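Chemist:
Protein chains: 2
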Amino acid sequence: MEKNQQLKTAAIEKISHLDYFNIAVSVDCVILGYSDKDLKVLLIKSDLEEFEDLYSLLGDLVNPYEDIESASYRILKERTGLDDVFLEQVQAFGSIGRHPSGRVITITYYSLIDIKHHKLMLDNNELHWHSVNDIGKLAFDHKLILDTCMNRLRQQVMENPIVFNLLPEKFSLRQLQELYESILGIELDRRNFRKKIMLKDWLKDIEEMEDDVPHRPGKLYMLKKQFKKANYGAIENRIMLS
Amino acid sequence: MEKNQQLKTAAIEKISHLDYFNIAVSVDCVILGYSDKDLKVLLIKSDLEEFEDLYSLLGDLVNPYEDIESASYRILKERTGLDDVFLEQVQAFGSIGRHPSGRVITITYYSLIDIKHHKLMLDNNELHWHSVNDIGKLAFDHKLILDTCMNRLRQQVMENPIVFNLLPEKFSLRQLQELYESILGIELDRRNFRKKIMLKDWLKDIEEMEDDVPHRPGKLYMLKKQFKKANYGAIENRIMLS
DNA sequence: AATTTAATGTGTAGAAAGTACATATTTATT
DNA sequence: AATAAATATGTACTTTCTACACATTAAATT
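Below is the structure:
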């Protein structure tokens, strides 16, 4: 802001039904989960005529009385019953033609959740998990949004302890490695992966073993408390603010 | 998107003057420049009563007929006369109380320009360059926005050849090192810095020497053509789109 | 009970990158 | 001619990255 504060103030106070307000703002959530060694995204069937038979991300318009971050939490809560999950803004998408019904600028968040642990309210909705690698077209510009999120996730994954939001509380190093492999799309050497992860000092050996595998069970680990349930992007901002 | 496509479509088509459209969208540009071994940001004096004597970033409302990226280029062009510069989205800021006159969600871009080379239209405006390290309070949430941008810049700076947008076309390694030092806020060892930069293979030795320094002149370099004038974030998206 | 199968768990040598550090050289200034 | 202030450069040490192989454990099979 602001090209001309007075102009803007005037706009806001007096011409609120004119051009500058003919833009709607929405939030779209890229909700990622992990099961069966496969990264999945939660989608809903689009009911716009223009996008018949295409799926779209979960989203909603932002209302004037809620923060955009609150809006994204609201969407997540309404659709999945989850709160207190990892959620972070990616960026805004605002091409003119992105929504067939009008000008809608959308702000994208991505969320990482443990599919198995949190029983979603899936069945009565038309929500479905789709393999991220399996997705061709999506409604709107949602494929672009998804790809952008995946790039962001890949960038973050070795720096920040965020992928643990996709796993159950207790997990083996094999599970963790498989998760990294499906996010990064490459195979990793087991010994080198262990060394690298252990060096980060994110994990706590809880002295338990797997008990549900048809082979030699591995040790179980948890993410250390100090790294839990943080919204890393938001934290950064909060520190700045003070 | 979209919680409920039908609801949303209805909203857009029929209730365009109701709640969901009482949100304005703006773009704010963090325009960074570099001179006298000091990173600077272009600010304008706020003329909102609430922010008397405070400065703010350059911004404007987005109109419904332009992309948000176009809007940010427009602002930059109007204010500085520059186009064809580095410009990349950071993120959206949308707290309820961030604008005293109403609900305004802003999308932030940052831009890196060479102060000396591009003669700005500074004098007839109330635009001024301010040392980034010198900034206390700003109008709106613009301090938070600036800090977020600076963090983004620091993250990017060793990975991507973007800082060259802040320098003249030909520069010495000393100038480059000083720039890195002022962005990162730390001192760097000259020999190690050279090694690291040369390893990246971004620079071309143009076989010229400085001629305006009161001491032994250093070699001049240019950024290799293949790295020039790219908008890295946007490129990523464009590739995805195809 | 013995054997087989399929996974876990661990170490080392070589390569690459990062870090700390000192001296000779070149140019402008005095 | 001497001085001052910067450029240019190399090496030893440490850390991280990478490639790679074998013994161990528990469940499943015979």
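For the record, the sequence lines run as chains A and B.
Everything in the first sequence is counted per the working numbering, starting at 1 for the first residue and increasing by one.
Everything in the second sequence is counted per the working numbering, starting at 1001 for the first residue and increasing by one.
We put the beta carbon where it would ideally sit given N, CA and C, even for glycine.
These numbers were taken from a predicted model, which means no experiment stands behind them.
Can you check DSSP and say which residues form a bridge with residue 209 of chain A?
Modeler: A:219.
Chemist: Apply the 10 Å Cβ neighbour rule to residue 1229 of chain B and answer buried if 16 or more other Cβ atoms are within range, or exposed otherwise.
Modeler: Burial call: exposed.
Chemist: Smallest Cα separation from residue 100 of chain A: which of A:41, A:50, A:38 and A:75?
Modeler: Nearest option by C-alpha distance: A:50.
Chemist: Applying the criterion that 16 or more other CB atoms from any shown protein chain within 10 Å of the CB defines a buried residue, is residue 217 of chain A buried or exposed?
Modeler: Residue 217 of chain A comes out exposed.
Chemist: Identify which residue in B:1160, B:1093 and B:1113 has its Cα closest to the Cα of residue 1202 of chain B.
Modeler: Here the closest residue by C-alpha is B:1160.
Chemist: Tell me whether the beta-carbon of residue 1127 of chain B lies closer than 8 Å to the beta-carbon of residue 1079 of chain B.
Modeler: Yes; because the gap between Cβ atoms is below 8 Å, this pair is in contact.
Chemist: Quick one: Cα of residue 59 of chain A to Cα of residue 1174 of chain B, how far?
Modeler: About 49 Å.
Chemist: Return the residues of the region 54-85 of chain A that lie within a Cβ-Cβ distance of less than 9 Å from chain B, sorted by chain order.
Modeler: So the list reads 56, 57, 58, 59, 60, 61, 62, 63, 64, 65, 66, 67, 68, 69, 70, 71, 75, 78 and 79, given in the order they occur along the chain.
Chemist: Report whether the distance from the Cβ of residue 1217 of chain B to the nearest heavy atom of the ligand ATP is below 7 Å.
Modeler: Among the ligands in the structure shown, none appear at all, so the ligand ATP cannot be discussed.
Chemist: Would you kindly work out how many angstroms separate the C-alpha atoms of residue 1132 of chain B and residue 1164 of chain B, rounded to a whole number?
Modeler: Between residue 1132 of chain B and residue 1164 of chain B, the C-alpha separation is close to 18 Å.
Chemist: Taking 8 Å as the CB-CB limit, is residue 103 of chain A close to chain B?
Modeler: Yes, its Cβ sits closer than 8 Å to a Cβ of chain B.
Chemist: Confirm, please, whether the CB-CB distance from residue 1180 of chain B to residue 1157 of chain B is below 8 Å.
Modeler: Yes, these two residues count as a Cβ contact at 8 Å.
Chemist: In chain order, what are the residue ranges of uninterrupted beta strand (DSSP E) at least 3 long that sit wholly in the region 127-182 of chain A?
Modeler: Whole beta strand (DSSP E) segments, 3+ residues: 127-131.
Chemist: So who's on the other strand from residue 1027 of chain B, going by DSSP bridges?
Modeler: DSSP output for residue 1027 of chain B lists B:1060 and B:1107 as bridge partner(s).
Chemist: Considering only their Cβ atoms, is the gap separating residue 23 of chain A from residue 1168 of chain B smaller than 8 Å?
Modeler: Going by C-beta atoms, residue 1168 of chain B is not nearer than 8 Å to residue 23 of chain A.
Chemist: Alpha carbon to alpha carbon, what distance is there between residue 105 of chain A and residue 37 of chain A?
Modeler: Using only the alpha carbons, I get a separation of about 34 Å.
Chemist: Report buried or exposed for residue 1152 of chain B, applying the criterion of at least 16 other Cβ atoms within 10 angstroms of its Cβ.
Modeler: It counts as buried.
Chemist: Give the DSSP-derived three-state secondary structure of residue 1066 of chain B in the structure shown.
Modeler: Three-state result, residue 1066 of chain B: coil.
Chemist: Is residue 1035 of chain B buried or exposed, if buried means 16 or more other CB atoms sit within 10 Å of its CB?
Modeler: Label assigned to residue 1035 of chain B: exposed.
Chemist: Name, please, each residue of chain B whose Cβ falls closer than 7 Å to the Cβ of residue 172 of chain A.
Modeler: Within chain B, no residue comes near residue 172 of chain A; the closest Cβ sits about 32 Å away, beyond 7 Å.
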